[in-house]
Amino acid sequence: MVHITINGKVIKATEGEMLLSVIRRHGIEIPALCHHEAIEPTGNCRLCMVEITREEWDGWKKHVTSCLYPVEEGLIVSTHTPDVIEIRKTILDLQLANCPDSEVIQKMAEEYGIYKTSYEVVPEGDNCIMCYACTRICEVLGRSAISAVGRGHRKEIAPPFGAEPPDCIGCLACAQICPTDVIPWTDRDNTRTIWDRKFELISCKECGRQTIAREFADYLIEKRNIPREYFEICDNCKRSELARKMGEIVARAQEVAI
Amino acid sequence: MRIDSVDKLNHWREKCLKKRAAQKRKVLVCLGPGCLASGSDEILGELKKILSEKKIKGVSVESIKKTGCHGLCARGPLVVIEPEGIFYSRVKKSNVAEIVETTLEKGELVEKLLYKDPSDEQTIVDYKKIPFYARQQRISLRNVGQIDPDDIDDYIASGGYSALARALNGMKPQEVIDEISRSGLRGRGGGGFPTGRKWATCAGIDSDIRYVLCNGDEGDPGAFMDRCIMEGDPHSVLEGMIICAYAVGSREGYIYVREEYPLAVVNLQKAIDAAHERGLLGENIMGSGFTYDARISRGGGAFVCGESSALMKSVAGEIGEPRAKYIRSVVRGLHDKPTVLNNVETFATVPVIINKGGDWFASIGTETSTGTKAFSLAGKVCNTGLIEVPMGISLREIIYDIGGGIPEGREFKAVQTGGPSGGCLPADKLNLPVDFDTLTEAGSMMGSGGMIVMDNRTCMVDVARYFLNFLVSESCGKCVPCREGLYQLHGLCVKICEGKAVEESLALMERLSKVIQTASLCGLGQSGPNPFVSTVSYFRDEYLAHIRDEKCPAGICRDLITYTINDKCTGCLACIEVCPVDAITGEKKIKHVLDQEKCTQCGSCYAVCKFEAVDIE
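The listed protein sequences correspond, in order, to chains W and D. Everything in the first sequence is counted per our numbering, starting at 1 for the first residue and increasing by one. Everything in the second sequence is counted per our numbering, starting at 1001 for the first residue and increasing by one.
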């Protein structure tokens, strides 16, 4: 157990925990775009920056990304100093120039009083904030089908060589974790399309409804030891079946009771 | 022959020296990047051809030695004849026969190839007396330009691997670290972190594996110190690495070299192979029982891969992007193991410190920046080239005494130190001593040792724009302040160059710079705004002239200038010939006329005119 001070209040934290989790657990709001519980932090978005210092630093302080900074005994943290606010404002201002159409960014910027970017809007911006959440979740799944490609301002998230990603299983984890919702995908005519790759969707034996991509089912069968039959019926039908069985049991129980 | 003891090394050195002494004269041909580009390999070939056909007493093909960069690149190709140190500059293939006949056969000098001091037209024969060389003190560059990089025996003859022998036989690892700490050596890659402390930290961590890596990813525009060491004296880098590995207890490591330095890759690989063969690298080095092996890891040329954590990712085969270093790489580096990463020049300095002692090294330079530092002198300075000077020397001494001042009698305007992320210092900072702390205080930095001199025909806004453009394309793109921030900063800078900016832009740029400096993930981003920050603080008037008056005082920014031909025009036709858009018309001996409608402000006429007849406004 270590003791840290956040905005003047002494707080207990577990060794190895990152500052951001501790700060948020104590009800202090800090914005972050690239942080997600399911993936390792990388510090791309820089919004969660806080100011830290220590007694013995004699007034010296520095700014760190709280998502990556492990708690230390005696750490003194300030989450909303004028410098910290200035950093967040500038970053949101820059992001607004980069993705002017993103509602998430617009809303966050507005919370910091920015309604229009101070900078030139980036031509042909695609609303991607380069947070790597998609590549990281894909890595967690053991696929790494997509990655950050190129450098600098031209960097983009893409499959290898810009071709259909051979390791993609059409699970949609990337699209679902994306904070600005910019990864396009469609489900149409038994086919799922994402990253320009097409996946056959499994149809429910009972109702014909489409469930998940066949490659994703294969992946779950292999990695999670789920029986193949599990994917033959959709969740809805499974629930109906369960309800039907439950109904039977209840009816029988009532009969017995009578 | 395998060298498996210190005695054998000494014995072998004696043998190499004897072989050396058999040649009365040595003919050193510089094959450094500059000389090679101007055809010094042809000179070498010609020399070999002539000497293999001719019989001269005490001179043979064996006397020819190809070396790395000799230093005074501006005068290349260079041929130096030892032991006299006869310095022939701007040598052509056609001069070779004359050099052989006159100097090697008759013992006389080829006057026209000798160095003439521009200040007093005095001829200087011995290169060591040329001011460019006389003011230098070479430690890390001690062998560069002197030995054949491909010949391990030449390195051994010059005292090579004696420091390693000393460390392995008679020094405990801790004693090696103490010696380096005592020397006060600070990392030559730019950060200036005390080398001894870095080694001590690594050695102190409990781990079964430790790595020693060498950073040869020199990427600053205009910097070529590390390149010249890797190309011209690769064994000194290896020796430094092995000594470090012994000190910290490492068994393997990598030299990270960028693919754009093909000769460095080749020469380092040759050095590694030769050291293996001699028993100086690999298993049981010099029979001491100590084992260390180094391999080359080639980089794809991303500037950011010179940053330590990105470099380690690149070595590991991952995407070369920096990580937050709240846990330092000396604690958790390559493959999450404790790792010492030092740059080429640092490692090349280590053997000398071990041989001559930390106190000797610390007696050179200043109290907090000890020893010497290599710089590549480039830009608008007479003697462009590779130099090494004691720390604490003033910028003025480097630029005027060693560098020979500004060409064509123009005025000095600024000097850029520390590469793209360094800063530009104006004339009133010329007396500043060159050391880590003073340069940082002045708003620039030591960096890895690039030094670009600028004259009064340089526009400082344009300079900021150029370096920002470099950084925008070299930013890894991982974190927002660097990727988006530098992009916007560059965009605003371009607007100033085009005369489309408003005065408020400067304040916005300054605010943005501050955030980029504090909020970026790695050193590249944190120092990214420096080209703008340093120029706007020292040359604010020039920025304001662009914004308020829509004028570029230096006459560089195309959108803000017009060229006109004045009455000094003699009608020589030179500008008509070079104008790419046929905007100038006229006849011989009659003042030429420039059509503003057609002019694209390329500046060709201005550059070619010998009569100052082209004005810029």
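Heads up, the beta-carbon is just placed ideally off N, CA and C, and yes, glycines get one too. This structure is a prediction, so every number in the text was calculated from the model and none was measured.
Check: D:Asp-1226 - DSSP class collapsed to helix/strand/coil; Outcome: helix
Check: Short CB-CB distance (under 8 Å) between W:His-153 and chain D; Outcome: yes
Check: Cβ-based contacts, 7 Å cut-off: residues of the stretch 1480–1495 of chain D near chain W; Outcome: Val-1480, Pro-1481, Arg-1483, Glu-1484, Gly-1485, Tyr-1487, Gln-1488, Gly-1491
Check: Closest residue to D:Gly-1385 among D:Lys-1015, D:Gly-1071, D:Glu-1046 (Cα-Cα distance); Outcome: D:Gly-1071
Check: Nearest to D:Thr-1067 (by Cα), restricted to the options D:Gly-1422, D:Gly-1317, D:Pro-1390, D:Leu-1141; Outcome: D:Leu-1141
Check: Cβ-based burial, D:Ser-1094 [other Cβ within 10 Å; buried from 16]; Outcome: exposed
Check: Interface residues of the stretch 1305–1331 of chain D facing chain W [CB-CB below 7 Å]; Outcome: Ile-1319, Ala-1324, Tyr-1326
Check: Interfacial residues, the stretch 77–105 of chain W to chain D, with Cβ spacing under 8 Å; Outcome: Asp-83, Glu-86, Ile-87, Thr-90, Ile-91, Leu-94, Gln-95, Ala-97, Asn-98
Check: Selected residue, minimal CA-CA separation from D:Gln-1174, among D:Ala-1519, D:Glu-1014, D:Gly-1196; Outcome: D:Gly-1196
Check: N- and C-terminal bounds of the alpha helix (DSSP H) containing D:Leu-1492; Outcome: 1486–1497
Check: Where the beta strand (DSSP E) containing D:Gly-1216 begins and where it ends; Outcome: 1211–1216
Check: Enclosing alpha helix (DSSP H) for D:Leu-1425 [first to last residue]; Outcome: Run containing D:Leu-1425: none in the alpha helix (DSSP H); it sits in the beta strand (DSSP E), 1423–1426.
Check: Contacting residues, own chain, Cβ-Cβ under 6 Å from D:Val-1350 (five flanking each side not counted); Outcome: Gly-1240, Ile-1243
Check: Selected residue, minimal CA-CA separation from D:Ser-1363, among D:Ile-1319, D:Leu-1185, D:Ala-1021; Outcome: D:Leu-1185
Check: Sub-8 Å separation of W:Ile-183 and W:Ala-175 beta-carbons; Outcome: yes
Check: Stretch pair the stretch 1552–1560 of chain D + the stretch 1431–1445 of chain D: three plus CB contacts closer than 8 Å; Outcome: no
Check: Residue range of the beta strand (DSSP E) that includes D:Asn-1342; Outcome: 1339–1343
Check: Candidates D:Leu-1377, D:Thr-1370, D:Gly-1306, D:Ser-1376: closest to D:Met-1391 by CA position; Outcome: D:Thr-1370
Check: The stretch 120–136 of chain W contacting the stretch 90–103 of chain W, beta-carbon criterion three pairs below 8 Å; Outcome: yes
Check: 8 Å Cβ cutoff met for D:Leu-1430 and D:Ser-1394; Outcome: yes
Check: Interface flag, W:Gly-69 vs chain D, CB-CB below 8 Å; Outcome: Reading off the sequence, residue 69 of chain W comes out as Tyr, not Gly. Judged by the 8 Å Cβ criterion, W:Tyr-69 is in contact with chain D.
Check: Paired residues, beta bridge with W:Pro-70 - DSSP; Outcome: W:Met-18
Check: Residues that DSSP places opposite W:His-3 in a beta bridge; Outcome: W:Lys-12
Check: Buried versus exposed call for D:Glu-1367 [16 or more other C-beta atoms within 10 Å across all chains shown]; Outcome: exposed
Check: Contact under 8 Å by Cβ, D:Gly-1603 with D:Lys-1588; Outcome: no
Check: Neighbour flag for D:Ala-1302 against chain W, beta carbons, 8 Å; Outcome: yes
Check: Paired residues, beta bridge with W:Met-49 - DSSP; Outcome: W:Thr-65
Check: Cβ shell of D:Ser-1181 (< 6 Å), same chain only, five flanking positions each side left out; Outcome: Gly-1196
Check: Contacting positions in the stretch 1494–1524 of chain D - beta carbon closer than 9 Å to chain W; Outcome: Lys-1495, Leu-1508, Arg-1511, Leu-1512, Lys-1514, Val-1515, Ile-1516, Thr-1518, Ala-1519, Ser-1520, Leu-1521
Check: Integer Cβ distance of D:Arg-1002 from D:Ile-1081, believed to fall under 8 Å; Outcome: D:Arg-1002 to D:Ile-1081, Cβ: 35 Å. No contact.
Check: Stretch pair the stretch 69–79 of chain W + the stretch 2–14 of chain W: three plus CB contacts closer than 8 Å; Outcome: yes
Check: Residue from D:Pro-1083, D:Glu-1084, D:Lys-1092, D:Ile-1086 whose Cα sits closest to the Cα of D:Pro-1077; Outcome: D:Lys-1092
Check: Endpoints, alpha helix (DSSP H) assigned at D:Asp-1541; Outcome: 1540–1548
Check: Three-state class that DSSP yields for D:Glu-1260 in the structure shown; Outcome: coil
Check: Contacts that W:Val-64 makes with chain D (C-beta to C-beta distance below 9 Å); Outcome: Ala-1324, Tyr-1326
Check: Beta-carbon neighbours of W:Arg-54, restricted to chain D and to distances below 7 Å; Outcome: Simply none; closest approach about 14 Å.
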